[in-house]
Amino acid sequence: MLTSKTFLRKNKRGNVLKIVREHYLRDDLSCGSELCDECDAKEAILEKTPTSNSKQYTQSHYLLLDTNIILQQIDVLEEPTLCNIIVIQTILQEVKHRSSSVYKRLKDLIANPNRKFYVFVNEHHHETYIERNPGESMNDRNDRALRRVASWYEEHLVSRVRVILLTADARNKELATGEGLLSCSIEAYISQLTNGEPLLDKLSKIDAAVMTSVKDNIYPVHATPTEIHAGVKNKTLLQGSFQASRENFLEGQVNCEGYEKPILVQGRDGLNRAIDGDTVAVRLLPEDQWSAPLELVLEDEGNMEDDEGGEEGKELKKKKSVPVAERRPTGLIVGIIKQKWRQYCGILQANPMEGSSRHLFVPAERKIPKIRVETRQIATLSSQRIVVAIDSWPRHSRYPQGHFVRALGPIGDKDTENEVLLLEHDVPHSKFSDLVLSYLPQLPWSITDDEVSRRSDLRYLDVCSVDPPGCTDIDDALHCRPMDNGNLEVGVHIADVSHFIKPGTPLDEEAALRATTVYLVDKRIDMVPGLLSGNLCSLRGNEERLAFSVIWELTEEARIVNAKFCKSVIRSRAALTYEQAQLIIDDPSQETSIATSLRGLNRLAKILKKRRMDNGALVLASPEIRFHMDSETHEPLEVVAKKMRETNSMVEEFMLLANITVAEKIFHEFPDNAMLRRHPVPPPANFEPLIHAAKRQGFELNVSTGKDLATSLDEAVKPDNPYFNTMLRIIATRCMLQAVYFSSGMLPQSDFHHYGLAAPIYTHFTSPIRRYADIIVHRLLAACIGADATYPALLDKKASTALCYNLNYRNRQAQYAGRASVALHTHLFFRCVVDLQREGTVSIVWRRCVPQFRSGHCSDKSGPE
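Under this note's numbering, the first residue of the sequence shown is numbered 434, with each subsequent residue one higher.
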């Protein structure tokens, strides 16, 4: 059967076009029930006689869901208690349009055969397709389509199995009941389940925002989308991303594109129910009302029933006038443009009123406000780390409303705390799916003669790798040997991961999603399956491996004569640690080819480093420490500062040289599509904490250029305090902007500069086992030298932009997760220490708080590389 619509449309040239839209209807689409003898049994998913756990609906039944039930109650739907569920095509498409994250979770449920979710294609079924009536809203039409499907199933199955329509719309429920259908809200349905009480805690409290309250409103009303659009257009409002303060729950800032400095927001009226990460509309206050951040650590100590101003009145209102020089642009958030709510980990703060089901949830992330939740499981959950989702934030409530999602485990348990930090930093850490693993090579695997014939055979070279102890994902190896003309041949050989990961495969898509390997103190979350990361791609000692090589001819002064690139086969002579390599270099009795190679590499690396420093490269610092773990309990036994050797710098210099050389090559061949990495120059305001700290210690820092900053830091030395210069460099690191990936067609070449490395162009090529950006660079370089072909997504600017966004986000979150892991294990170490005295250095002084400098301090800035 065919339905069609015909209409006329005028195009930009003024021509009138006749448009015909055809909609095909079929009579052979399955209902999906095992009970049905008429439909195709191969498509049957819904059980023949589903078990009813309902005290109200005792007959076997299927559930039919409306859009809002899915969007608002996906946490409940993911519980295995609810099975045999019909999702119609109309609703599925609406969910896809309104929330990509919920749509993905719904698709996962549909794909799970144990959950019995069936998608009924109602829009192409000749008995369930309906036309939209004149003057009917699309929402009303979709509700009518839902009721039509419910009615059809009742007729089709002759009521042997009933269909219950779950809807959040009272009008839709009323109409369904009037048509003789079974219908109720999801809360009413769950409340009648014999085992439904735990599910009630997971119900979204989205309707709480519209409930009538006798309480006074304590927050200003949000501007409407129309008012916000008009305000942004006429520039009375600014749009930006809200960043809450970790130190003061009544402060934050809005970073607006096109406005040089962040806009300070303070107090409840200023923050106006914004959650960290939200895109907001902010109104800038007149300059005479500008303020400055409070040098105050202020935590929310409110209780369950407290909906008053509290600490705001005590602290913010007693502020003294701020000197003009210290004032910052200040504003008020007037509306939320886009929410960035997620699920949050934390603990419950039990209501002191015995028997109450309403409690406060305290998030692990201090930027997030406390959340009101209802639960009947407080006795069990009070000792657990749990996950909670926000549902709404009414004007009359000091806190947002939310619901319990799931428990993670006991508070203080290391596995639980690791799970918390992975979830909080949005690190994908589930096991690789069977589909992904099916794209791995079969074992036993070996390099074929045919593969060797397509590559440069470099197995004769004395190549070795130098890595931290315990490293199993060895990305890189090096060699150095004299040439007949007096110059030196130096090679950097990188694992050829792109040989195993082909574009567009599920394995490739999973690596692109994860984007980076995440290193925690006691575990590693791999970007690619272990068969690749720890075996076939890892350049292990005395094993043949596929590599991508960059080979230079260098003068004795480390000047590049030429560089060549090739896919290769290598056989590493040794997999050394930094310490082992240093001992070989320093031992004059060692005269092997590996020792000669290492000494040559080390001498050249010193020249390369000095040249970089002379060009203005920065030597910054971060508080890096290492834990010695108990082999049985995996508890930290000792914490020590990481020791840096010449060999660390040696490897770093040649990785930098390889990255720069490859960047130049891929940009020359693909000027609009090269995957590069830039480190923007920090705005002058970023350096204010560094300049202030140095000035108070008697040093004037020049931050005009990277070279000036490097020179100033070198000169800021206190003979009686050797750690002072390190502290300054740590503060300087926190002044930096994040280095980011970008596609060369996105920016003018003048913006390619890498500030921290003082390099005009840079990329990442040397770690493809643990960084997806490097895999893309390998594919580009392979296309440059004719070793492989391009593919559409590789040269698609839109796809590259989206990829860079995910790479930058995942890289940033991985850094934060690593630091959080160090902080966790530092806490676990000191928890077991009875009596330990150590010297500390004060880095910041706040009112009410004196945070000492400590290893593992988690800041919002990272090193430039």
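Note that beta-carbon positions come from the ideal geometry of N, C-alpha and C, so glycine has one too. Everything numeric in this text was worked out from a predicted model, so none of it was measured.
Proximity below 8 Å, CB of residue i to CB of residue j
i: L697; j: L731; result: no
i: C970; j: S982; result: no
i: L497; j: L599; result: yes
i: F1120; j: V1136; result: yes
i: A797; j: Q817; result: no
i: M1088; j: D909; result: yes
i: A821; j: F794; result: According to the sequence displayed, residue 821 carries Val and not Ala. In contact: V821 and F794 (Cβ atoms closer than 8 Å).
i: G779; j: R805; result: no
i: I549; j: A1118; result: The identity of residue 549 in the sequence shown is Lys, whereas the question assumes Ile. No, the Cβ-Cβ distance between K549 and A1118 is not below 8 Å.
i: G1139; j: Y1195; result: no
i: R828; j: V713; result: no
i: D959; j: S966; result: yes
i: H792; j: Q782; result: yes
i: S493; j: V594; result: yes
i: A1143; j: L1161; result: no
i: L868; j: V923; result: no
i: L705; j: V767; result: According to the sequence displayed, residue 705 carries Asn and not Leu. It is a contact, given that the beta carbons lie within the stated cut-off.
i: K800; j: D733; result: no
Buried or exposed by the 16-neighbour rule on C-beta atoms within 10 Å, applied to residue i
i: W878; result: exposed
i: P513; result: exposed
i: R1271; result: exposed
i: V647; result: At V647, the pLDDT of 46 sits below 50, so the modelled position is not reliable and the matter cannot be decided from this model.
i: M916; result: exposed
i: Q522; result: buried
i: V899; result: buried
i: E989; result: exposed
i: R1252; result: buried
i: E607; result: exposed
i: N1035; result: buried
i: D882; result: exposed
i: I1018; result: buried
i: I518; result: buried
i: G447; result: exposed
i: C1265; result: exposed
i: R459; result: exposed
i: G629; result: buried
i: E884; result: exposed
Cβ-Cβ separation, residue j to residue i (assumed contact under 8 Å), whole Å
i: T1080; j: Q1015; result: 5 Å
i: Y457; j: H557; result: 6 Å
i: D634; j: R809; result: 7 Å
i: L1037; j: L911; result: Wrong, their Cβ atoms sit about 11 Å apart, outside the cutoff.
i: A948; j: Y1205; result: 5 Å
i: S463; j: C472; result: 4 Å
i: D499; j: A663; result: Not a contact, Cβ separation roughly 33 Å.
Neighbourhood of residue i by C-beta distance below 6 Å, restricted to the same chain and skipping five residues each side
i: G673; result: V687, N688 and C689
i: A583; result: L497, V596, L598 and L614
i: T561; result: N555, R581, V582 and W585
i: K773; result: G710 and D711
i: L940; result: V869, Y872 and I934
i: A609; result: R580, L598 and S616
7 Å Cβ shell around residue i - same chain, five flanking residues per side excluded
i: Q489; result: Q625
i: E467; result: A477, L479, E480 and K481
i: S1026; result: D895
i: D890; result: V1002
i: T1159; result: A1054
i: P1116; result: E693
Same chain, Cβ closer than 8 Å to residue i, neighbours up to 5 away in sequence not counted
i: K443; result: V449 and L450
i: R892; result: E977, V1002, I1003 and R1004
i: T1199; result: D908, D909, V925, I927, M1088, A1091, N1092 and D1207
i: Y1238; result: none
i: R888; result: L979, C999, K1000, S1001 and V1002
i: P1122; result: I1164, R1167 and C1168
i: Q1285; result: Interpretation of Q1285 is limited by its pLDDT of 47, a score under 50 that renders its predicted location unreliable; no figure is taken from the coordinates.
(message) Tell me whether the segment 486 to 506 and the segment 526 to 543 touch, counting them as touching only if at least three CB pairs, one residue from each stretch, are closer than 8 Å.
(response) yes
(request) Count the C-beta pairs between the segment 1166 to 1179 and the segment 1094 to 1113 that are closer than 8 Å, then say yes if the count reaches three, no if not. (result) yes
(message) For the structure I just gave you, are there three or more beta carbon pairs, one from the segment 1203 to 1215 and one from the segment 1088 to 1100, closer than 8 Å?
(response) yes
(message) Is it the case that the segment 852 to 863 contacts the segment 1251 to 1263, given that we only count it when at least three CB pairs across the two stretches are under 8 Å?
(response) yes
(request) Specify whether the segment 715 to 729 and the segment 757 to 771 touch according to this definition: at least 3 beta carbon pairs, one from each stretch, less than 8 Å apart. (result) yes
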